[in-house]
Amino acid sequence: MKNAFIEIKNGAAIPRDEIPHLPFNRVRDLAVSHVKNGGKVVQFFGYEDQGTMKFMTVLRDDKLWAAGCDAPDSYPSMSCEAEPFHLFEREIAEQFGIRPEGHPWLKMVRYQPNERDLPDVFGNDYSEDIPGNYPYYQVQGDDIHEVAVGPVHAGVIEPGHFRFNCIGERVLHLEIQLGYQHRGVEALLKNPAPKRLPIICENIAGDTTIGHGLCMAQAVEALTGVTPDKGAKVIRVIALELERLANHIGDLGALSGDVAFLPPANYFGRLRGDFLNLSLLLCGNRFGKGLVRPGGVSFALDDEMRKILTDRLAELRPQVEHVLELLFSASTVRARFEHCGAVSREDADHLGLVGPAGRGCGLPYDVRRVFPTEAYTDIGIPENSKTTGDVDARAKMRYDEVIQSMEIIQSLITRPIETKPVMPGNYRLAPSSFVVTLNEAWRGEVSHCLLTDDAGQIQRYKVKDPSFHNWNGLAMALRDTGISDFPLNNKSFNLSYCGFDL
Amino acid sequence: MLNTLKNRFEQGYRTCNYPKEKPAVFDRYRGMPVIKPQAPEEVIAACADACPQDAIDAGKKNIDLGRCVFCGTCERLSKGEFISFTGDFEFSAAHRQSLVFDGSSLPDLAIHAKKHFKRLFGRSLQLRQVSAAGCNACEADLNVLATPFFDLARFGINFVASPRHADGIVVTGPISRNMKTALLQTYEATPDPKVVVAVGSCTISGGPFKGSPEIAQGLDSILPVDLFIPGCPPHPLTNLYALLTYFK
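From first to last, the protein sequence lines are chains W and D.
For the numbering used here, add 614 to where a residue sits in the first sequence, where the first one is 1.
For the numbering used here, add 170 to where a residue sits in the second sequence, where the first one is 1.
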């Protein structure tokens, strides 16, 4: 790896000609052996460069590694040897019509025709606009029954299709087909007007506005040579932790609701709103939209606001702690959480799970600790993980992280924060450059990757939401689990449909 | 049990008194804008040019609230000289065209052409939500209407699990190609008479994804829309205001 791939830094741009351009087989061999030895895939995607199809590979261990290669018309699939590639290979097959031969389960990702007008790898004709119009995996047998759910679900949630193969109450197999939310984000990000770029990125997944916004802003900053001031870096961390708090607390409320313990469901529901309102306090929007911009933040945090934030947190923290205690001390809750939907560490490792879902299975990876940016370089993020891999572990990860996030914000607002808000404006990106940014959003590793051409235009903008890694974790959790426990497991992952569908 | 009671006591009564009293929102919230048409032409032109949503028409000096994502770029750029956003969350429209706002006031939402809706649905309104390719923020801020602070159910309005049980659909998101059929089928499955509510910039105009061939450029190009609630996402109080004013 060391002699072939180049080591890159999170959020540092490099000229494209410094990225090693290797023969495809060499990239394949190195990538497979890297993953077999415990490494993980951050990005693996295709792009067209002056009429030639190419692949870019970004891998991680405790460092980040990158290499490029020309794309073959088809290639022996890596997924059979290194499972974390399996969805990346499907994505490339869908976007560019390049077939990974021998892929264990080659099916569409988002139900879209490929960009190059090549014959469809999956045999779809796309005249019918229904991603779920496809022969699902079926378990054969007299006693087997199937349950189909979605795309329109019973609650106020995003669309996706779930197909369960059950024997009695027991789920033998869950297949998840997404794509309903596909808005063509990556196509819109091909050289967008600079003024539109932040707006599009903030809306990839609204509940991860700050996570995706940070990846975008850091990438643009790297390509324009701008460094945000210290205050902006602090405000960004506060915003990212507020986002984590609101979502984790909302999830704990939803989990309470799914085990019919209604007091914490309602209290957490209300408390979540209080944290969303703190994001509104910072920037005027409950989801943090409009705050993070290339070069810094749009809004300063003056002493008066700092005092409101301090007072609100001092008031909310004991309430949150008491409701957490209420939830986790109830034996009826533990009876439902424990041993439900367990994913083994080994399976999680093979699937490449990230974020609280991965940490719940004993994979402690956290971008804030391993590849810190912003003010995280000065904050010691503890190594969090649980070992049981069940709903209980995923819930308790949130418990720990909620407390940590409140502590982080409280420690950051003890001192005055000075920043010069950035004004809307244009920028020129460095030509022929490459940058990868990673951030630990509340669901896990978000990553954006940009390639500029020799005129400084965005040639390829690749987005990866943590849900891209984690949906298969949910499918795995449901194996041999009662179908009535699906809502509980689903909430314990709470993955993004739109972040996945792009 | 004691713990449960202790928590209940600590939580107290949290439901807001809206619509009798307007809850306070933090100062930076960007609600209904104010337009100052006397602003210098070059300031107006600069705002129109910088608007990421191209929602401002410099010639007509108006802003399309159906396109606007309330990012505040124009307000910051013009230092409030042309457009400034107030803390007023009470705005919505019964017609798409009404959202093209020139600084006069929006048509009174309580007086609209479909007043029989108030008789039909004023005491009980059951809605089916269809999430059609948004970013999940509109969905989230509709969901919170069920939390104790807003408590939508006290007005006889509920989100239900099936279109068969619904009086109408509430649509969020820019309606992707892949979601269009499911949306239309949900609409068909809702019994007449029915209402259609468009929530958020994406649903009204395509929002941040405008121009993408993967989406519809506005729900009203597909279905007849009765109520438009602007925002990115609309504040829950805006949703509450719109539903109460239009139907109650």
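Virtual Cβ for every residue (Gly too), placed ideally from N, Cα, C.
Among S958(W), G774(W) and V968(W), which one has its Cα closest to the Cα of P698(W)?
-> Start at 1 with the first residue of the first sequence, and residue 698(W) comes out as number 84. When the alpha-carbon of P698(W) is set against those of S958(W), G774(W) and V968(W), the nearest one is in V968(W).
Listing by chain order, which chain W residues have their CB less than 7 Å from the CB of P344(D)?
-> By 1-based counting over the second sequence, the position of residue 344(D) is 174. What P344(D) touches in chain W: R797.
Residue-chain proximity (E1015(W), chain D), Cβ-Cβ < 7 Å | By one-based count along the first sequence, residue 1015(W) stands at place 401. So no, E1015(W) is outside the interface.
Could you please give the first and the last residue of the uninterrupted beta strand (DSSP E) stretch that includes H936(W)?
-> Numbered from its first residue, the first sequence carries residue 936(W) at position 322. It is not in any beta strand (DSSP E) - H936(W) instead sits in the alpha helix (DSSP H) that spans D917 to S943.
Got a sec: which bits of the stretch 791–823 of chain W sit with their beta carbon under 8 Å from any beta carbon on chain D, in order along the chain?
-> G793, Y794, Q795, H796, R797, G798, V799, A801, L802, A807, K809, R810, P812, I813, I814, E816, N817, I818, A819, G820, D821 and T823
In three-state DSSP terms, what is K844(W)?
-> Taking the first residue of the first sequence as 1, we reach residue 844(W) at position 230. It is helical.
Taking all protein chains shown into account, decide if V761(W) is buried (16 or more other Cβ within 10 angstroms of its Cβ) or exposed.
-> On the first sequence, position 147 is the one that residue 761(W) refers to. Under this definition V761(W) is an exposed residue.
Nearest CA to the CA of W1056(W): which residue from V655(W), L828(W), C780(W) and R630(W)?
-> On the first sequence, residue 1056(W) is found 442 positions in, with the first residue counted as 1. Taking only the C-alpha atoms, the option nearest W1056(W) is L828(W).
Take the Cβ of A944(W) as the centre, count every other Cβ of all protein chains shown within 10 Å, and call the residue buried at 16 or more, exposed below.
-> As a working mapping, residue 944(W) is identified with position 330 in the first sequence. So A944(W) ends up on the buried side.
Separation of L905(W) from Q223(D), as counted between CA atoms = Taking the first residue of the second sequence as 1, we reach residue 223(D) at position 53. Taking the first residue of the first sequence as 1, we reach residue 905(W) at position 291. Going from the Cα of Q223(D) to the Cα of L905(W) covers about 17 Å.
Helix, strand or coil: how does DSSP classify P878(W) here?
-> Your numbering for residue 878(W) matches position 264 in the first sequence. Residue state, collapsed to three classes: helix.
Chain D residues whose Cβ lies nearer than 7 Å to that of D743(W) = Walking along the first sequence from the start, residue 743(W) turns up at place 129. Listed by position along chain D, the residues whose Cβ is nearer than 7 Å to that of D743(W) are R347, N348, K350 and T351.
Sorted by chain position, which residues of the same chain lie with C-beta nearer than 7 Å to I706(W)'s C-beta, five sequence neighbours on each side aside?
-> Against the first sequence, residue 706(W) aligns to sequence position 92. Short of 7 Å from the beta carbon of I706(W), and not among the five residues preceding or following it, lie these beta carbons of its own chain, in chain order: F659, G660 and I712.
State buried or exposed for D1099(W), treating a residue as buried only when at least 16 other CB atoms are found within 10 Å of its CB.
-> The count along the first sequence starts at 1 and reaches residue 1099(W) at position 485. Looking at its Cβ environment, which holds 16 or more other Cβ atoms inside 10 Å, D1099(W) is buried.
Assigned exposure category for W679(W) - 16 Cβ within 10 Å defines buried | Stepping through the first sequence from its first residue, residue 679(W) is reached at position 65. Counting every other CB atom within 10 Å of its CB across the protein chains shown gives W679(W) a total of 16 or more, marking it as buried.
Flag this pair as yes or no: are the beta carbons of R886(W) and G864(W) separated by less than 7 Å?
-> Locating residue 886(W) in the first sequence gives position 272, counting from the first residue. Locating residue 864(W) in the first sequence gives position 250, counting from the first residue. Cβ atoms of R886(W) and G864(W): closer than 7 Å.
Span separating the alpha-carbon of E816(W) from that of R907(W) | Position 202 of the first sequence, counted from the start, is the residue given in the question as residue 816(W). Position 293 of the first sequence, counted from the start, is the residue given in the question as residue 907(W). Near 10 Å, if we compare the C-alpha coordinates of R907(W) and E816(W).
Is the shortest distance between the beta-carbon of G883(W) and the beta-carbons of chain D less than 7 Å?
-> As a first step, residue 883(W) must be located in the first sequence, where it is residue number 269. Interface residue, yes.
C-alpha distance - R810(W) paired with F638(W), whole-angstrom precision = Working through the first sequence from its first residue, we reach residue 810(W) at position 196. Working through the first sequence from its first residue, we reach residue 638(W) at position 24. Using only the alpha carbons, I get a separation of about 35 Å.
For D739(W), which of helix, strand or coil comes out of DSSP?
-> Along the first sequence, read from residue 1 onward, the residue named residue 739(W) stands at position 125. Looking at D739(W) - three-state DSSP - the assignment turns out to be coil, as it is neither helix nor strand.
Pair every Cβ in the stretch 241–254 of chain D with every Cβ in the stretch 209–218 of chain D, then say whether three or more of these pairs are closer than 8 Å.
-> yes
At which residues does the beta strand (DSSP E) containing R674(W) begin and terminate?
-> Taking the first residue of the first sequence as position 1, residue 674(W) is located at position 60. Segment T666 to R674, the beta strand (DSSP E) holding R674(W).
Proximity to I383(D) [Cα-Cα], best of A853(W), Q1018(W), T838(W) and V799(W) = As a working note, residue 383(D) is residue 213 in the second sequence. Note on residue identity: the sequence assigns Pro, not Ile, to residue 383(D). Nearest option by C-alpha distance: V799(W).
Short-range partners of chain W found in the stretch 305–319 of chain D, where Cβ spacing is below 8 Å | C305, N306, A307, C308, E309, A310, D311, L312, N313, V314, A316, T317, P318 and F319
What does E772(W) reach in chain D if we use C-beta pairs closer than 7 Å?
-> Taking the first sequence and counting its residues from 1, one reaches residue 772(W) at position 158. The answer, in chain order, is S301, N306 and E309.
Check whether the Cβ of H936(W) lies closer than 7 Å to any Cβ atom in chain D.
-> Here residue 936(W) is taken as the residue at index 322 of the first sequence, counted from 1. Taking Cβ atoms only, chain D reaches closer than 7 Å to H936(W), which makes this a yes.
Going by the beta-carbon positions, is the gap between G376(D) and G343(D) smaller than 7 Å?
-> As a first step, residue 376(D) must be located in the second sequence, where it is residue number 206. As a first step, residue 343(D) must be located in the second sequence, where it is residue number 173. No Cβ-Cβ contact shorter than 7 Å links G376(D) with G343(D).
Tell me the DSSP bridge mates of S301(D)?
-> As a working mapping, residue 301(D) is identified with position 131 in the second sequence. DSSP lists T342(D) as partners of S301(D).
Of the listed residues L410(D), L297(D), E309(D) and H405(D), nearest to A359(D) (C-alpha basis) = By one-based count along the second sequence, residue 359(D) stands at place 189. Looking at the Cα atoms, L297(D) is the closest of the given residues.
Would you say N177(D) faces chain W, with C-beta separation under 7 Å as the test?
-> Looking up residue 177(D) in the second sequence gives position 7. Cβ-Cβ to chain W under 7 Å: yes for N177(D).
E960(W), buried or exposed, once every other Cβ within 10 Å from all chains shown has been counted against 16 = Taking the first sequence and counting its residues from 1, the one referred to as residue 960(W) is at position 346. Counting Cβ neighbours within 10 Å, E960(W) comes out exposed, since fewer than 16 surround it.
Any beta-carbon of chain W closer than 7 Å to the one on Q181(D)?
-> Numbered from its first residue, the second sequence carries residue 181(D) at position 11. At least one chain W Cβ lies under 7 Å of Q181(D).
State yes or no: is the beta carbon of P173(D) nearer than 7 Å to at least one beta carbon in chain W?
-> Residue 173(D) sits at position 3 when you count from the first residue of the second sequence. Reading off the sequence shown, one finds Asn at residue 173(D), where the question assumed Pro. Output row for N173(D): interface = yes.
Starting from E760(W), follow its DSSP beta bridges and name the residues at the other end.
-> Here residue 760(W) refers to the residue found at position 146 of the first sequence. Answer is N779(W).
What residue from F1048(W), G883(W) and F619(W) has the CA that sits closest to G625(W)'s CA?
-> Along the first sequence, read from residue 1 onward, the residue named residue 625(W) stands at position 11. Among F1048(W), G883(W) and F619(W), the Cα nearest to that of G625(W) belongs to F1048(W).
Which residue from R884(W), N880(W) and L915(W) puts its Cα closest to that of L896(W)?
-> Here the question's residue 896(W) lines up with position 282 in the first sequence. Nearest C-alpha to L896(W): L915(W).
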